[in-house]
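Residue numbers (full-length UniProt numbering): 1 to 920. I have placed the structure first, in the form of structure tokens, so that the comments after it can refer back to it.
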């Protein structure tokens, strides 16, 4: 296994580095500043050359890595690059004296930026005398529970950063800006900063995982020609984004921009407010694109439009890849449409100078469809392709794409798919719609009322209640018998008692001892009774940029989602996550909690780094690719957060008030594509309510749309410690309302405390709801069947079923210490976090900890206990607001003698008061 692990990690690191080079985006390159030439010396400014960000914060970035290549290390390792080492030494000394500020190391505590070294004109002048070009690093991070802000040091540059750039600009005539960031930031300073003409290159390097430094060097050295393209619009001002007026509220968030999000808004109404348009990015070479062939295949709703684009590298020096972007201009019709919408894309292979390749972009007719939520086309609650001419554009960005001779005409409005109203808002509001056409071919902004709910949810739920299976008790049928075709899933589920049905709906964690150490949850056979039926325990690990194991075990960290999207390379994304899936299997983990596929609705969302783009199609294609890659490896990706979870501020409470059309065309579309094209079988609902109903108990979200319309047959899990409310009447929410969750067909509540399923440690109301009629036996059986079907398709079904009373044995160490603790009721630890103990009686001992963590309840940390230098267990904790709580650990078997205990906290801020070892 060790050799396989090493082989997989090496290949995974290699592909991670490759895709990082394809996702870095070169936005400016005047005077051929890049790539660097052999006779040039480069001066590096900014501490992020050393303190290089490799991810955002929170669960999506907390990967323990075996190594991480910072920018300085990567540039140094490339033999084509010569650095000003005198300046490097100055920065190294300063960073050593001014260490990285992790905000205390707690959950969501890391600040957005790091204080920069003040520069003197003398230092920069000396650097300019000893080098040809300067590279200035700007670093930012953000993440879970911490949105960015309209402040210096977050969205805007700090005064020290401005002074750093201006001082460098004054002494260098070729300055390269490298943005080591997790989100796009303000770029307006490029137009106002002193000596702005000195800035000749701008590169978004994002947060590129543990191989990020190598990837940066590959690009700036010319070893790889940049091919990344923006997946977001960078506007001149943050106020220009249409969602700015509503983003960040703590009660409700009105999606007034509707489908006009990102480039769909800017290109339709105000293209002059854009600094860098969607899809833009530069190369070291030039490409031409020409339509070689266009054909329409199929009839009616099954039509597919095929575009064969001949891509030619017209440069004379550098080889490179090119992204072929295809946009559609649809008729305005009755519904109103954006000026241009991405209809498809593909990426060429690496082309040498004068080499060509024909790249096909296929567009199913449903990509041209719009959702009519008001009936203005005569087809309410339906996807329609309105009558008129559809024109197509091919090019290097949404702005640069040029019309090709490939018109598609629809004589009469075509109804592609008749559906039913679902998730319509209950709060009245208005949304943007194009009005009159201006002389400059932009549209005036008008507003129209959004259609609100008219259907009867109670009647819908009642009409779709599942039949109850007659409970048979234990008939000796194991889950493997169902997998092998010896019994039906119905016969198996009928054996389960009411208590079993309630328990299987509870996942346990964080850091459950029943699965791989330090992972996010255990689910499935979480009780002895469930295990006796052969129901295995599956493990879920945080992602999506690598496996998070709070036990301290290492995993490979790949680039952030935004960078992966900017690669515009779905095939490489699939290969990357196939290798991530292999690493999951080697660690006995069945599902990665990712990819994250929410939409970049606003630049300040702290969690944008986990997601791909402002565009639904690009997001869906990448999500489907990563999901397919994980499935090829035999594991799954838990696509999240379902749905409309677009800000971290008040993320558990803020109601997303959004039209059906915007949900269908924008916010749900990536999930639909991941299900239908990626074969997704695991979905995580979001914390927030959508149109009044919390996502985990939103019936139309989890049943009407997901299962009944899309044909989804996998599992749905809640986000960790989520809240639910009534699926019909909405109203008050609570983390205990699991009966509402199960009625809505969110199958799993994540999570209860370790070993807390059998005793209902979170006091959920599943059984109480059964008595009150809030949920039926049939609905509980339906959820259990969903879980069991999923488990049969995971590696967990092939692992031996092990009851929880397996106790690891430890032997005493030969050495002794003067500081031996004989009282096992209050084991404290010195500064080195180590302690020798004396066990006087052989036996089984239960380990418990008295711990506190001065954060709120959503913060996560853990303490790892080692015995005689060997990892023994993880003691997880959530924020306790400073209160000391008891945390139950595992049982260990100890002989008489001396043992060394050592502890290590996963995050700073956690306080371990003492441990107890109680003989059982």
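Note that beta-carbon positions come from the ideal geometry of N, C-alpha and C, so glycine has one too. Here the structure is a predicted model, which means the values were calculated and not measured.
- The C-beta of residue 288 has fewer than 16 other C-beta atoms within 10 Å across all chains shown, which makes the residue exposed.
- Within the same chain, 21, 218 come within 6 Å of residue 224 by CB-CB distance, once the 5 residues on both sides are set aside.
- Per the Cβ contact rule, the segment 478-489 is not in contact with the segment 735-745 (fewer than 3 Cβ pairs under 8 Å).
- DSSP, read as helix, strand or coil, puts residue 187 in coil.
- In the three-state reduction of the DSSP assignment, residue 7 falls in the helix class, which pools H, G and I.
- In the DSSP assignment, residue 383 falls within the unbroken beta strand (DSSP E) covering 382-385.
- Taking a cut-off of 8 Å on C-beta distances, the segment 57-72 touches the segment 141-160, as three or more cross pairs fall below it.
- Residue 890 counts as buried, since no fewer than 16 other beta carbons sit within 10 angstroms of its beta carbon.
- Judged by DSSP in its simplified three-state form, residue 649 adopts coil rather than helix or strand.
- Collapsing the DSSP output to three states places residue 263 in a helix.
- Contact holds between the segment 279-294 and the segment 304-315, because three or more Cβ pairs, one in each stretch, are under 8 Å apart.
- The C-beta separation of residue 307 from residue 325 comes to about 11 Å, leaving the pair out of contact by the 8 Å criterion.
- Annotated three-state conformation of residue 749 is strand, per DSSP.
- Counting C-beta pairs closer than 8 Å gives three or more between the segment 690-698 and the segment 642-650, which meets the contact rule.
- Annotated three-state conformation of residue 711 is coil, per DSSP.
- The Cβ atoms of residue 469 and residue 494 sit closer than 8 Å to each other.
- By the Cβ-count criterion, residue 372 is buried, with 16 or more other Cβ atoms from all chains shown falling within 10 Å of its own Cβ.
- 8 Å or more divides the Cβ of residue 78 from the Cβ of residue 42.
- In the three-state reduction of the DSSP assignment, residue 221 falls in the helix class, which pools H, G and I.
- Counted as a single uninterrupted DSSP element, the stretch harbouring residue 528 is not any beta strand (DSSP E) but the alpha helix (DSSP H) occupying residues 528-532.
- Residue 720 is bridged by DSSP to nothing; it lacks a bridge partner.
- Under DSSP, the beta-bridge partners assigned to residue 143 are 57, 146.
- Inclusion of residue 418 and residue 354 in the CB contact set at 8 Å is not warranted, their separation being larger than that value.
- If you ignore the 5 residues before and after residue 323, its C-beta comes within less than 7 Å of the C-beta of 227, 229, 345, 347, 568, all in its own chain and listed in chain order.
- The segment 907-914 makes contact with the segment 848-855, as at least three CB pairs between them are under 8 Å.
- No Cβ-Cβ contact shorter than 8 Å links residue 327 with residue 274.
- By the Cβ-count criterion, residue 895 is exposed, with fewer than 16 other Cβ atoms from all chains shown falling within 10 Å of its own Cβ.
- About 32 Å separates the Cβ atoms of residue 24 and residue 305, ruling out a contact at the 8 Å cut-off.
- DSSP lists 306 as the beta-bridge partner residues of residue 362.
- Per DSSP, the beta bridge partners of residue 82 are 41.
- Between the alpha carbons of residue 178 and residue 90 lies a gap of roughly 20 Å.
- Per DSSP, reduced to three states, the secondary structure at residue 916 is strand.
- Collapsing the DSSP output to three states places residue 549 in coil.
- Exposure of residue 759 is indicated by the presence of fewer than 16 other C-beta atoms within 10 angstroms of its C-beta.
- Comparing alpha carbon positions, the residue from 784, 561, 600, 659 closest to residue 209 is 561.
- When secondary structure is reduced to three states using DSSP, residue 703 falls in the helix class.
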